[in-house]
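Notes follow the structure.
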Amino acid sequence: MVSAAASPISLGFSVFTLLLASVLPSNADEVSFQEDVRPILSNHCFACHGPDENNNAAGFRLDIEGEADLDEVLVRIESEDPDSIMPPPDMHKPLKPEQITILKQWIEQGAPYETHWAFVSPSKPPLPDLVHDEWDAPIDRFVRFKMESKGLTPRPRADRRTLIRRLSLDLTGLPPTAEEIDAFLNDDSETAYQDLVDRIIAKPAFGEHMARYWLDLVRFADTNGMHHDHYREMTPYRDWVIRAFNENLPFDQFIVDQIAGDLHPDPSVDQLTASGFNRLHLIIDRGTALPEESFVKNVVDRVSAVGTAFMGLTLQCAVCHDHKYDPISQKDFYSLYAFFNNFDGGPETGGRRGTDFQRGLQQPYIEFPTEEQSQTLTRLSAEIARLQTEAKDLQPKPEPDKKAVSVAEKETSDKKVGPRSSDATPDASKLHPPSGRVERSEGRAEPQTSPEQRKQKLQQVQAAIAKLNQERDSVLVNVPATLVMKERTEFRPAHILIRGAYDAPGEVVTRNTPSFLPPLPGADDPDTPKTRMDLAQWMVDPTNPLTARVAVNRFWQQLFGVGLVKTSEDFGAQGQLPSHPQLLDHLAIEFIDSGWDVQGLMRSTVNTETYQQSSIAPQESFVVDPQNRLLARGSRYRLDAEVIRDQVLSVCGLLSPTMYGKSVKPPQPEGLWKIVAMPTSYPNSYVPDSGEKAVRRSVYTFWKRGLPPPQMTIFDAPNRDSCIARRERTNTPLQALMLMNEPQFFSASTTLAKRLLDDETLNAEDGGHQKRLAAAYETITSRPPTDAALESLSRSLETFQSLYESQPGQATALVQRCTDPVVQSVTSAPDQVRLAAWTMVIHSILNLDCVRTRE
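Residue numbers for the sequence shown follow my numbering, so the first one is -11 and each next one is one higher.
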């Protein structure tokens, strides 16, 4: 929001001054390679003269000091000859005059080089001087120093209603309740705000909201993606992520358990579950591609995910050749690849039969049966084993030994010739006992069934086994399970794949970390093979320059809408420089020193004056810093898809508090899956849930990669084919149409309208609607309406009332579309007309900009 207009002359001068400061180098007498020169070289030169040694035009590199004739470079960049000018015209990246000026000044200074900032371990920077007593927190001192150096001043603290709504949405993804707002407004203690922060972080909804960002980052989904896009069961992994944030699992352990949880000496169920991070990649169906090709794709996907999630690097750009912008060689990539190619499992989905397929499972996996399920499965398995033994005994006996029969018959014939001794071979009757009897040594006989009877009995036993198997399968399909990582006993060799082709292995590589980063301890010892656990421990080593920086930047992004490094997915040369580099290093070191305390980091950040600023600012602030990179005002941006939906259900009293478990399918337009599903896809049709499942939090929504929930993709939710570190934010007509026409939102509006109409405390003595309208507005927006807003709502209510009185059938249809049984019990025409009118007013409030905007 912009405050009252300033004088055009003063505004124009202020804007010009600030824009000029932002274009010129930070120090007018000296050009910084890191801040001024490298971004130019990376964007305009490194594609041909960068780290990719196999694609260096003219045989020199501009990313290494001393390799290029800089005088010749200067001639080329100033040339007007299309055959000589650099960058060449066909790159379509001409240098601007001010960029040429910066490069000339840098060369005149002696062309000093610096290592890319993100590849140097952070050191604790000194705090800026304390000038403003209220801005005494370290974060505030860094921010205030930077904004004032650019000629900006901060905005005052936002009002309490804005703060509690901002905090609740940022930390839980849900709006505050009326009771929570009243408690905060009436808390006169000096620690009222800090106590509010503690209460919000302690909510279970905190973990659910934090997990949503992580699930984007690791591309969590309920289907395999590609081709048939079959069902995959990984929801226990999601539950583990939620619990980890709620229990404040140290973030270094959070990382280690995901990379190598299965390699702990005695891994717990949680550690095994966490290792499922390595199984979240896309999986193709058997028979679609060669298994060897599928295997390579899976491992490349695992390595790329580690690069994005933990390192903030585009490692995948080095699959086919050396990275063109960062010092990541192809050998570096495949040295990391070697850590992940020893998976003890198939590279493709299993067959389309059996309980594993129905359950969305593929070996290896672990199960989490309840005590009742365990007892039932144990009983059924024992009974099946007993019957299988009985069936084996009933199988037809093998034919008698013909040679033995021939001997017996010969000896019987010999008896006719002359007498034999008493110890002669038994007669044939002992080899072929009479049907139905078996002669025992003690002379007793026992009954025996005929072959036909044995056959009938075998069929009965086999039928019983089949029935028990069906009963066991019906229990088994409901047993929670999740895919996990498992290492082969024998190491599988890894090669550099020439041009990334799965069938073109080149040089053998050993397990190692990128050469431009701190070395993996013991990497030079050939007698001690390195494991994923070694890689995981290296990842969280305090000397690693990336991991902590990448993590704190993403948590900052969650709270301010954009990270200190805007390109949170790319800390490399093509990524943007940090807006506050010293602050980023301070946060990273403090995070490590705190024991990787996520809740502590979030708490300290939201307790700052920087975070509590009002988003209302003068016009020049928006002109000079439209993206609020200098943090001279509170951030304001459109909420994410899940928050918009959950907020509607929450304020209307419908949101289910149930946590964990399998994914649910809220209502969506019919037939959408037919666009992407094949007849043999499993599942191939969308069957929406009803009741409580339909109103659970959006983090539990079934995510089909081929067609994610449309209510969310319209608001820029990803399909999760790949790791997403930040979502784009667009504003489109489709978003407005969805909010105005989504059936679940209409149904929720009707439920809230009914609840407000039934609340007798909102009845006015004069029969007016002001009190009830004000309650509706405050319930949804967390603040009371202005007089103008209340007047507008009153007119709208009268208009809708008149409309439905003239069209009672429309009122009946609107009420009957609501899924709430209490609403459906409203049958009288006047009550339906009144309820329909109030529904439209509630629905209008839900569509206000302030409802879907974080302020």
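Backbone N, C-alpha and C define an ideal beta-carbon position, used for all residues, glycine too.
Threonine 337 is positioned such that its CB atom lies no closer than 8 Å to that of aspartate 289. By the neighbour-count criterion, in which 16 or more other beta carbons inside 10 Å mark a residue as buried, isoleucine 768 falls on the buried side. The alpha carbon of methionine 647 has as its nearest neighbour, out of Asp529, Pro224 and Thr150, the alpha carbon of Pro224. Comparing C-alpha distances from aspartate 158 to each of Asn44, Gly622 and Ser137 shows the shortest one belongs to Gly622. Taking 3 residues as the shortest admissible run, the segment 288 to 374 contains the following complete beta strand (DSSP E) segments, listed from N- to C-terminal end: 353 to 355. Taking 8 Å as the cut-off, the Cβ atoms of leucine 572 and leucine 552 count as close.
Given a length threshold of 4 residues, each whole run of the alpha helix (DSSP H) inside the segment 676 to 740 is given here in chain order: 698 to 701 and 721 to 729. Assignment of beta-bridge partners to leucine 471 by DSSP yields Tyr353. Bridge partners of threonine 261 according to DSSP: none are assigned.
When rounded, the separation of the alpha-carbon atoms in threonine 165 and alanine 373 is 57 Å. Within the model, the alpha-carbon separation for threonine 343 versus leucine 464 is close to 7 Å. Straight across, the Cα-Cα distance linking alanine 262 with leucine 368 is about 31 Å. Measuring C-alpha to C-alpha distances from tryptophan 691 to each of Arg708, Ile604 and Leu91 identifies Arg708 as the nearest. Excluding its 5 nearest sequence neighbours in each direction, glutamine 182 has C-beta neighbours in its own chain below 8 Å: Asn595, listed in chain order. By the neighbour-count definition (other C-beta atoms within 10 Å, threshold 16), aspartate 754 is an exposed residue. In this structure, the alpha-carbon of glutamine 723 lies about 10 Å from that of asparagine 729. Ranking Pro566, Met198 and Arg442 by CA distance to the CA of lysine 134 puts Pro566 first. Threonine 165 carries a coil assignment under DSSP once its states are collapsed to helix, strand and coil. In the structure shown, the three-state DSSP call for arginine 842 is strand.
Between leucine 115 and arginine 129, the gap from beta carbon to beta carbon is short of 8 Å. Here the alpha carbons of tyrosine 625 and aspartate 59 stand approximately 47 Å from one another. In this structure arginine 226 is in contact with phenylalanine 208, their Cβ atoms being roughly 6 Å apart against a cut-off of 8 Å. In this structure, the alpha-carbon of phenylalanine 733 lies about 18 Å from that of glutamine 798. It is roughly 7 Å from the alpha-carbon of serine 638 to the alpha-carbon of leucine 162.
Pairing arginine 49 with glutamate 41, the inter-Cα distance amounts to about 8 Å. When Ser737, Ile702 and Asp512 are compared, the shortest CA-CA separation from proline 721 is found for Ile702.
The shortest C-alpha to C-alpha distance from phenylalanine 543 to any of Phe479, Met74, Pro706 and Ala199 is the one to Ala199. According to DSSP, valine 497 shares a beta bridge with Ala482. The three-state secondary structure of alanine 452, taken from DSSP, is helix. In this structure, the beta-carbon distance from lysine 81 to proline 75 falls below 8 Å. In terms of Cβ geometry, phenylalanine 327 and alanine 306 do not form a close pair [threshold 8 Å]. For proline 192, the enclosing alpha helix (DSSP H) has its first and last residue at 192 to 205. Around the beta carbon of glycine 583, fewer than 16 other beta carbons sit within 10 angstroms, so the residue counts as exposed. For alanine 451, the closest C-alpha among the options Thr827, Trp123, Tyr219 and Gln376 is that of Gln376. For alanine 293 and isoleucine 830, the gap between their C-alpha atoms comes out near 43 Å. Remark: C-beta atoms of glutamine 350 and leucine 471 approach each other more closely than 8 Å.
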